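Q: The structure under discussion is supplied below as structure tokens; questions concerning it will follow.
Number of protein chains: 2
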Amino acid sequence: MRQAVLNLEESKIREVANAGFGSSDVLPFWFGESDEVTPEAIRAAGIASLQAGETFYSHNLGLPELRQAVADYTSRLHRPLGPERIGITSGGVSALIVAMQALIDAGDRVVAVTPVWPNLTAQPRILGADLHCVPLHADADGAWRLDLPALLAAITPGTRLLVVNSPNNPTGWTLSQAEQAAILDHCRGTGTWILADEVYERLYYAGDTASGAAPSFLDVARPDDRLVVVQSFSKAFLMTGWRLGYLVMPADMTPQVGKLLEFNTSCAPVFVQRAALAAVQQTEAITPRIVAHLKGCRDALVPLLQAVPGVRTSAAPGGMYAFLRIEGFDDSLGLAKRLVAEAAIGLAPGVAFGPEAEGWLRWCFASKDVARLGEGVARLRRWLG
Amino acid sequence: MRQAVLNLEESKIREVANAGFGSSDVLPFWFGESDEVTPEAIRAAGIASLQAGETFYSHNLGLPELRQAVADYTSRLHRPLGPERIGITSGGVSALIVAMQALIDAGDRVVAVTPVWPNLTAQPRILGADLHCVPLHADADGAWRLDLPALLAAITPGTRLLVVNSPNNPTGWTLSQAEQAAILDHCRGTGTWILADEVYERLYYAGDTASGAAPSFLDVARPDDRLVVVQSFSKAFLMTGWRLGYLVMPADMTPQVGKLLEFNTSCAPVFVQRAALAAVQQTEAITPRIVAHLKGCRDALVPLLQAVPGVRTSAAPGGMYAFLRIEGFDDSLGLAKRLVAEAAIGLAPGVAFGPEAEGWLRWCFASKDVARLGEGVARLRRWLG
């Protein structure tokens, strides 16, 4: 087997979760997923499609009506665009690797902002890229910030691709519109493509944008900029297990992505796309409730954590995670395993997301029952003290 | 964008199909798909899962109970093996590209037997492989044969991977067990991996094997041989649109594939896997009927075609295609387009599968209504003269 594949790390989150198997009383906050089932109206659309016998192959780039609906939805959130810039994929992660397949040759220089969801750094490695990571930094208050000049300096004329995830998993850090404009301007000069993972855009709580969504590169880019935005139905519609996402890209890239989709997954199931179509068409009835609930989760959890002696964390503007550090514990994997075994709390170790997050812990607050979060903090307090 | 991606050919099958849009009276035999909906019992299992709220992430390698069921099913058809050798994927095509990601570095020498489904030769190109094709040859009777010494000579000690599809799409050519043993023995000597696309194994009509399935590399290989077999639920269970497949591989490769699945698709939807579990558990009630019907389709179509003056074709031992040549027509793409426009018959051009198949046409005989096949031949006769 390839050395590049053997070198890929197993998930450290899963390593912690495995340590908790068999103890059913663990409160699991480790995975990036709500514990709430997909809304009934969305499931009903998928079921109706199956009952109608829609079990055949479909277009590589997705059902035309879904591409149109996604284009309309994106146009409402950002700038007007058409379905010729949309490609439907089998999940956000498939969108990411297909975009990278379109852009990265083995040996190409790729820059990524970290800490980040490990898939974003593993994928360039699978494709043989020369990966350079630019770290975010944590302030004294527990909020994470970008050193913009350092990022721009790393994006050299020879850099093929910038990979950036904002709102960021795990830190909640979110690019400002001004930072996006500066990055885009710089990348125009170096000829660098931007691959922006914006799957948490709707889970944004700052209230400082017209649409309510997080600032997006789509708000500042021209249609022909070297920009690919990755989206997913997982977060804003509670559809993690359906495996559906999409790409927003320059129109002349779409046929190339269509070819690559044929060779990666061929197409997404029609009944999954029908469910997603129902989701997008009913987003006003579905998403604001989800976002309001998640904001409530965040606003319940973070003050409780901040009141625990020795804990440092900040209310993130976006995403569904609290990212925290506990004084005196520098080994996040060891700490997470102890918390599972000794306190029955399941958290993700920061080191899973990059070395600069060593010592930190990620706590997913997407909990249907907000009281679970309080119970988790109570367990942490008991264990610490 | 990458030159390797720009160089990938658009599907010539789709080019023909596009030429037929707007004329609803075309009989479509161009795609590799039955026109029969997935059996009700399979759809019901998927629907029940959705109703039960199984809408969350799952294991990268698939549900443990599905992996066990697939291992049992494979053990019945071939040699005993356990679930540690099975990985569930989002379609056969995803299984193929993930296997190639595990095995091929850019620049590696890859040998493929052609003509073949174009995805099998496009995927190594996407990964930057150095691809060498070994052509099959058509006999005077229209049956295709392998030049085994030529194939073995192409598999040099520096060859990383052999890609072979048997029963073959488009020709129906099927490797004998003796040929598989000779190829395996040779590849053991050169250290070459074998990636065997055996998705048509159940659609086998020769009746010369104990299981009824086509000869498989799994019948002759040891558990630790460098062999990866790709399978799909599409053909034997009429589940094309569900996008579910699996890999059979050496046990020590499975964790590596698990990592790659995380970075390609994460996991297949649970409700799709529940449907597949029902399919495998009820295969005796489902698959023999499908295979018998397809054999009936083949045995109806091929003699009718052979009776058309100037047509050369042979009853294929496996698959769901008649592969034919019409005297006096050497440009298969041009011919296929004319047949759509002038005769309202939709066939796939042979050149889509490799240059050695130029002049040939692929006719998918997976038709619920056998009379459609006769109507197609009648149209061909009228058009020819």
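Just so you know, the protein sequences line up as chains A and B, in that order. Residue numbering for the first sequence follows our numbering, starting at 1 and increasing by one per position. Residue numbering for the second sequence follows our numbering, starting at 386 and increasing by one per position. Note that the Cβ used here is the ideal one computed from N, Cα and C, for glycine as well. The structure displayed is predicted, hence computed values, not measured ones.
Check each candidate in B:H571, B:L765, B:A487 and name the one with the smallest Cα separation from L686 (chain B).
A: Nearest of B:H571, B:L765, B:A487 to L686 (chain B), Cα basis: B:L765.
Q: Taking 6 Å as the limit between beta carbons, can you name the residues of its chain near P83 (chain A), skipping five residues before and five after?
A: Same-chain partners within the cutoff: R67, Q68, A71.
Q: Is the Cβ of T639 (chain B) closer than 8 Å to any Cβ of chain A?
A: Chain A, which has no Cβ nearer than 8 Å to the Cβ of T639 (chain B), makes this no.
Q: Output yes if chain A places a C-beta closer than 8 Å to the C-beta of G731 (chain B); else output no.
A: For G731 (chain B), the answer is no, since every Cβ of chain A falls outside 8 Å of its Cβ.
Q: If we define contact as Cβ-Cβ less than 8 Å, is T650 (chain B) a contact residue for chain A?
A: Chain A contact via Cβ: present.
Q: Taking the runs of the alpha helix (DSSP H) that are 4 residues or longer, which of them lie wholly in the stretch 301–375 of chain A?
A: Correct list: 332–338.
Q: Does the distance from the C-beta atom of V272 (chain A) to that of P654 (chain B) stay below 8 Å?
A: A contact, by the Cβ cut-off of 8 Å.
Q: Any beta carbon of chain A sitting closer than 8 Å to that of V390 (chain B)?
A: So yes, V390 (chain B) belongs to the interface.
Q: Give the residues of chain B in contact with Q123 (chain A), contact being defined as C-beta atoms less than 9 Å apart.
A: By Cβ distance, chain B contributes F648, N649.
Q: For the pair the stretch 231–244 of chain A and the stretch 640–648 of chain B, tell me if three or more CB-CB distances fall below 8 Å.
A: Not touching, per the Cβ criterion.
Q: State the Cα-Cα distance for the pair L662 (chain B) and E450 (chain B), rounded to the nearest angstrom.
A: Distance between the alpha carbons of L662 (chain B) and E450 (chain B) is about 8 Å.
Q: Should the stretch 540–550 of chain B be regarded as contacting the stretch 502–517 of chain B, the criterion being three or more beta carbon pairs within less than 8 Å?
A: Because the criterion of three Cβ pairs below 8 Å is met, the stretch 540–550 of chain B and the stretch 502–517 of chain B touch.
Q: On the DSSP bridge list, what partners appear for Y631 (chain B)?
A: Answer is B:I473, B:Q616.
Q: Which of the three DSSP states, helix, strand or coil, is assigned to T459 (chain B)?
A: The answer is helix: DSSP assigns T459 (chain B) an H, G or I state.
Q: Given this structure, state the Cα-to-Cα distance separating G438 (chain B) from R43 (chain A), to the nearest angstrom.
A: Distance between the alpha carbons of G438 (chain B) and R43 (chain A) is about 8 Å.
Q: Among the candidates B:G630, B:Q667, B:T672, whose CA atom is the shortest distance from the CA of C782 (chain B)?
A: Residue 782 (chain B) falls outside the range modelled here, since chain B spans only 386 to 770, and no answer is possible.
Q: So which of B:E394, B:N392, B:W558, B:L412 has the shortest CA-CA distance to Q721 (chain B)?
A: It is Ala, not Gln, that sits at residue 721 (chain B) in the sequence shown. Among B:E394, B:N392, B:W558, B:L412, the Cα nearest to that of A721 (chain B) belongs to B:L412.
Q: Leaving aside the five residues before and after A102 (chain A) along the sequence, list all residues of the same chain whose C-beta is less than 7 Å from its C-beta, in chain order.
A: Contacts found: M253, Q256, V257, L260.
Q: Measuring CA to CA, which of A:L61, A:T171, A:D208 is closest to G350 (chain A)?
A: Closest by alpha carbon: A:T171.
Q: Kindly list the residues whose CB is nearer than 7 Å to the CB of A664 (chain B), restricted to its own chain and excluding five residues on each side of it in sequence; keep chain order.
A: Closer than 7 Å at Cβ, skipping near neighbours: I427, F618, F622, M624, I671.
Q: Can you list, in chain order, the residues of its chain with a C-beta nearer than 8 Å to that of S367 (chain A)? Leave out the 5 residues immediately preceding and following it.
A: If we look at S367 (chain A) and ignore the five residues flanking it on each side, its Cβ neighbours are F29, S34, D35, C297, L373.
Q: Identify, in the order they occur along the chain, each residue of the same chain with its Cβ nearer than 8 Å to the Cβ of A95 (chain A), setting aside the five sequence neighbours on each side.
A: Correct list, in chain order: G87, T89, V230, Q231, S232, G245, Y246, L247.
Q: Check whether the Cβ atoms of P115 (chain A) and E356 (chain A) sit closer than 8 Å, and answer yes or no.
A: Result yes, Cβ atoms of P115 (chain A) and E356 (chain A) sit closer than 8 Å.
Q: Are the Cβ atoms of L146 (chain A) and V113 (chain A) separated by less than 8 Å?
A: Yes, they are a contact pair.
Q: Once the 5 residues before and after A606 (chain B) are set aside, which same chain residues still bring their CB inside 7 Å of it?
A: If we look at A606 (chain B) and ignore the five residues flanking it on each side, its Cβ neighbours are L569, L612.
Q: Please list the partners that F56 (chain A) has in chain B, where partner means a Cβ-to-Cβ separation under 7 Å.
A: Neighbours of F56 (chain A) on chain B, chain order: E418, T625, G626.
Q: Give the DSSP-derived three-state secondary structure of H293 (chain A) in the structure shown.
A: H293 (chain A) falls in the helix class under three-state DSSP.
Q: Applying a beta-carbon distance threshold of less than 7 Å, which residues of chain B neighbour T38 (chain A)?
A: Residues of chain B passing the Cβ test: T440.
Q: For I398 (chain B), which of B:A535, B:G731, B:L560 has the nearest alpha-carbon?
A: For I398 (chain B), the nearest C-alpha among the options comes from B:G731.
Q: Less than 8 Å separating the beta-carbons of R587 (chain B) and V676 (chain B)?
A: It is a contact, given that the beta carbons lie within the stated cut-off.
Q: Quick one: using the 10 Å Cβ neighbour count with 16 as the cut-off for buried, is H522 (chain B) buried or exposed?
A: When all chains shown are included, H522 (chain B) counts as exposed.
Q: Is N169 (chain A) close to chain B? Criterion is C-beta to C-beta, closer than 8 Å.
A: For N169 (chain A), the answer is no, since every Cβ of chain B falls outside 8 Å of its Cβ.
Q: With a Cβ-Cβ cutoff of 8 Å, do V308 (chain A) and L384 (chain A) count as a contact?
A: A contact, by the Cβ cut-off of 8 Å.
Q: Measure the C-alpha to C-alpha separation of W193 (chain A) and A636 (chain B) and round it to an integer number of angstroms.
A: Spanning the two alpha carbons is a distance of roughly 39 Å.
Q: Roughly how many angstroms separate the alpha carbons of L689 (chain B) and R767 (chain B), rounded to a whole number?
A: Approximately 13 Å between the Cα atoms of the pair.
Q: Are the beta-carbon atoms belonging to G739 (chain B) and G713 (chain B) less than 8 Å from one another?
A: Against a cut-off of 8 Å, the Cβ pair of G713 (chain B) and G739 (chain B) comes out as no contact.
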